[in-house]
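S.K.: What follows is a single structure, and I will ask about it in a moment.
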Amino acid sequence: MSTQELFNSIQHSTVSASLTHLNHLFGAVAQLTHITGLVLLLTSIVLVNLRLLGVGLTGYSVIDLAKSTRRFIWIGLALLAISGLFIFLPAATIYYINPFFWIKVELLIAAVIVQLTLFRWVTTKDHPSPVLAKSTAVLSLVLWFGVGASGRIIGYLN
Amino acid sequence: MSLIGFAQVLYDSEIGTAIRESLFVFPFIEGTHLLTLSISVGLIALVDLRLVGLFFRDTPASQLIRQLRPWLLGGFAVQFVTGLLLFWSLATKVIELPVFWLKLAVILLAGINLLWFELKLARNIGEWDSQQIPPKAVRFAGWASLGFWIVVVISGRLIPYLQY
Chain A
60 MSTQELFNSI
70 QHSTVSASLT
80 HLNHLFGAVA
90 QLTHITGLVL
100 LLTSIVLVNL
110 RLLGVGLTGY
120 SVIDLAKSTR
130 RFIWIGLALL
140 AISGLFIFLP
150 AATIYYINPF
160 FWIKVELLIA
170 AVIVQLTLFR
180 WVTTKDHPSP
190 VLAKSTAVLS
200 LVLWFGVGAS
210 GRIIGYLN
Chain B
479 MSLIGFAQVL
489 YDSEIGTAIR
499 ESLFVFPFIE
509 GTHLLTLSIS
519 VGLIALVDLR
529 LVGLFFRDTP
539 ASQLIRQLRP
549 WLLGGFAVQF
559 VTGLLLFWSL
569 ATKVIELPVF
579 WLKLAVILLA
589 GINLLWFELK
599 LARNIGEWDS
609 QQIPPKAVRF
619 AGWASLGFWI
629 VVVISGRLIP
639 YLQY
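Residue numbers (my numbering), protein chains in the order written: chain A, 60 to 217; chain B, 479 to 642.
This is the structure:
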């Protein structure tokens, strides 16, 4: 089955059909949940990365700040994923043909990989080299805000 | 000049029209307005969580506020400027929406709450700075702030939703 056929069958599945016929208010709730997850995730990312850049909450060590915000990052991602699913399912074929949907998917995969590898590694070291810390921060910020920006652009092209 | 008259002037202006009919500028301004939530509302929520004693409890509240202040100010400044430009381009449309006025009213309430905090409660911050659970009045200000900004974000999201 091609990807297009897959998206087609997703959109016309029983689950999606029932979602489509729900009240429009439901769509608004899904989007607001998406925004909530977005703020939880991005605020945490901003805080830790600013710290890696040597500014912001300098009263904390990088390790402590990363540890404190970790739960917000994962709660945020969970809310984003669940609400994202509700947004995606009833209109899968519309997203399929939207180039920025695919850009977002690629950036998201990259962001999560960096989050679980480089970011996690740098934020658990006592004294990361300044160059490593700063480049990790920049990369993390660019990727995550890139996900957010491309997500917003999807809406403009739909 | 009436409100509608003023809104019409903004809407018809060169800047308002240019923004509204642009391919990239409007999306850029609106996208920035959205993503900057992480620096404005996100950071203020963090301070509020400290004030209600739910987060960063071992940090003196004054230290948290002091270190985040420049980022909060910058974040809200961007929020304000992008919001102003959005209003400029859509003035006549949004003034018809009750949810827009709700958003402005609650922003005003949040501002009053902030003033009350700064002028009255932060005066003797030394007394409760290191307390994990600050005094009742401080917690009230924290919860109020959280509540207000949640309503602001929800009503903000509903503006484009109810516009069409």
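Ideal Cβ placement from N, Cα and C applies to all residues, glycine included. Fair warning: this is a prediction, and the values are worked out from it, not measured in the lab.
Are the stretch 600 to 609 of chain B and the stretch 579 to 586 of chain B touching by the rule of at least three beta carbon pairs closer than 8 Å?
M.R.: They do not touch, by the three-pair rule.
S.K.: For S127 of chain A, go through chain B and note every residue whose CB falls closer than 8 Å to its CB, in chain order.
M.R.: Within chain B, the residues near S127 of chain A are F533 and F534.
S.K.: In terms of alpha-carbon separation, which member of B:V631, B:L592 and B:I628 lies closest to A615 of chain B?
M.R.: Nearest option by C-alpha distance: B:L592.
S.K.: In whole angstroms, what separates the C-alpha of I497 of chain B from that of F504 of chain B?
M.R.: Cα to Cα, I497 of chain B sits roughly 5 Å from F504 of chain B.
S.K.: I want to see whether chain A comes within less than 8 Å of W621 of chain B, judged by CB atoms only; does it?
M.R.: No - not a single Cβ of chain A is within 8 Å of the one on W621 of chain B.
S.K.: Taking 7 Å as the limit between beta carbons, can you name the residues of its chain near I69 of chain A, skipping five residues before and five after?
M.R.: S75, L148 and A151.
S.K.: Please classify K184 of chain A: is it buried, with 16 or more other beta-carbons within 10 angstroms of its beta-carbon, or exposed?
M.R.: By the 10 Å Cβ count, K184 of chain A comes out exposed.
S.K.: Are the CB atoms of Q610 of chain B and G552 of chain B within a distance shorter than 8 Å?
M.R.: No, the Cβ-Cβ distance between G552 of chain B and Q610 of chain B is not below 8 Å.
S.K.: Using 8 Å as the limit for Cβ to Cβ distance, is L116 of chain A near chain B?
M.R.: At least one chain B Cβ lies under 8 Å of L116 of chain A.
S.K.: Is there at least one Cβ from chain A nearer than 8 Å to Y639 of chain B's Cβ?
M.R.: Chain A, which has a Cβ nearer than 8 Å to the Cβ of Y639 of chain B, makes this yes.
S.K.: Please list the residues of the stretch 91 to 105 of chain A that have a C-beta atom closer than 9 Å to any C-beta atom in chain B, keeping them in chain order.
M.R.: Of all residues in the stretch 91 to 105 of chain A, L91, I94, T95, L97, V98, L99, L100, L101, T102, S103, I104 and V105 have a Cβ within less than 9 Å of some Cβ in chain B.
S.K.: Quick check: W203 of chain A and I104 of chain A, are their CB atoms within less than 8 Å of each other?
M.R.: Result yes, Cβ atoms of W203 of chain A and I104 of chain A sit closer than 8 Å.
S.K.: Are the Cβ atoms of L521 of chain B and W549 of chain B separated by less than 8 Å?
M.R.: The answer is yes: Cβ separation under 8 Å.
S.K.: Quick check: what's the CA-CA separation for A208 of chain A versus L513 of chain B?
M.R.: Taking the straight line joining both Cα atoms gives about 8 Å.
S.K.: Just checking my contact of I507 of chain B with L564 of chain B at CB under 8 Å: how many whole Å lie between their CB atoms?
M.R.: Correct: roughly 6 Å between the Cβ atoms.
S.K.: How do the stretch 480 to 490 of chain B and the stretch 566 to 579 of chain B stand: do at least 3 beta-carbon pairs fall below 8 Å, yes or no?
M.R.: Output reads yes: the stretch 566 to 579 of chain B touches the stretch 480 to 490 of chain B.
S.K.: Does P612 of chain B pass the burial test, meaning 16 or more other C-beta atoms within 10 Å, or should it be called exposed?
M.R.: Buried, by the Cβ-count rule.
S.K.: Evaluate contact between the stretch 160 to 169 of chain A and the stretch 114 to 126 of chain A, counting only Cβ atoms and requiring at least three cross-stretch pairs below 8 Å.
M.R.: With a cut-off of 8 Å, the stretch 114 to 126 of chain A and the stretch 160 to 169 of chain A do not count as touching, because too few Cβ pairs lie within range.
S.K.: Sorted by chain position, which residues of the same chain lie with C-beta nearer than 7 Å to K193 of chain A's C-beta, five sequence neighbours on each side aside?
M.R.: Excluding positions up to five away in sequence, the list reads L111 and L112.
S.K.: Can you look up H511 of chain B in the DSSP assignment and give me helix, strand or coil?
M.R.: DSSP places H511 of chain B in helix when its eight states are reduced to three.
S.K.: Tell me the start and end of each unbroken alpha helix (DSSP H) in the stretch 567 to 607 of chain B that is at least 4 residues and wholly inside, in chain order.
M.R.: With a minimum length of 4 residues, the continuous alpha helix (DSSP H) runs that stay inside the stretch 567 to 607 of chain B are 576 to 594 and 603 to 606.
S.K.: Step through the CB atoms of chain A and report whether any lies within less than 8 Å of the CB of I483 of chain B.
M.R.: Ile is not the amino acid found at residue 483 of chain B; the sequence shown has Gly there. It does not; no Cβ of chain A falls within 8 Å.
S.K.: How about A137 of chain A and T182 of chain A: do their beta carbons lie closer than 8 Å?
M.R.: Against a cut-off of 8 Å, the Cβ pair of T182 of chain A and A137 of chain A comes out as no contact.
S.K.: Where does G113 of chain A fall in DSSP's three states?
M.R.: Coil, per DSSP.
S.K.: Can you pull out the residues from the stretch 199 to 217 of chain A whose beta carbon lies closer than 7 Å to at least one beta carbon of chain B?
M.R.: Answer set for the stretch 199 to 217 of chain A: F204, G207, A208, R211, I212 and Y215.
S.K.: Could you give the distance in angstroms between the alpha-carbon of L177 of chain A and the alpha-carbon of N82 of chain A?
M.R.: Going from the Cα of L177 of chain A to the Cα of N82 of chain A covers about 43 Å.
S.K.: Compute the Euclidean distance between the alpha carbons of V197 of chain A and P187 of chain A, then round it to the nearest angstrom.
M.R.: C-alpha separation (whole angstroms): 15 Å.
S.K.: Between Y215 of chain A and I637 of chain B, what straight-line distance do the alpha-carbon atoms span, to the nearest angstrom?
M.R.: Going from the Cα of Y215 of chain A to the Cα of I637 of chain B covers about 16 Å.
S.K.: Helix, strand or coil for I611 of chain B? Go by DSSP, reduced to three states.
M.R.: Note: I611 of chain B maps to coil in three-state DSSP.
S.K.: List the whole-angstrom C-beta distance separating F145 of chain A from A89 of chain A, where the pair is believed to meet the contact cut-off of C-beta under 8 Å.
M.R.: Between A89 of chain A and F145 of chain A the Cβ distance is about 4 Å, and since that is below 8 Å, they are a contact.
S.K.: Taking the alpha helix (DSSP H) that K193 of chain A belongs to, which residues open and close that run?
M.R.: Looking at the DSSP string, the run of the alpha helix (DSSP H) that includes K193 of chain A is P189 to L216.
S.K.: Since A169 of chain A meets chain B, which of its residues come closer than 8 Å, beta carbon to beta carbon?
M.R.: Correct list: empty, because the minimum Cβ distance to chain B is about 18 Å.
S.K.: Could one say the Cβ of A87 of chain A lies closer than 8 Å to chain B's Cβ atoms, at least one of them?
M.R.: So yes, A87 of chain A belongs to the interface.
S.K.: Answer yes or no: does any C-beta atom of chain A fall closer than 8 Å to that of Q541 of chain B?
M.R.: It does; some Cβ of chain A falls within 8 Å.
S.K.: Is L568 of chain B close to chain A, meaning its C-beta is less than 8 Å from at least one C-beta of that chain?
M.R.: Answer no: the Cβ-Cβ gap between L568 of chain B and chain A never drops below 8 Å.
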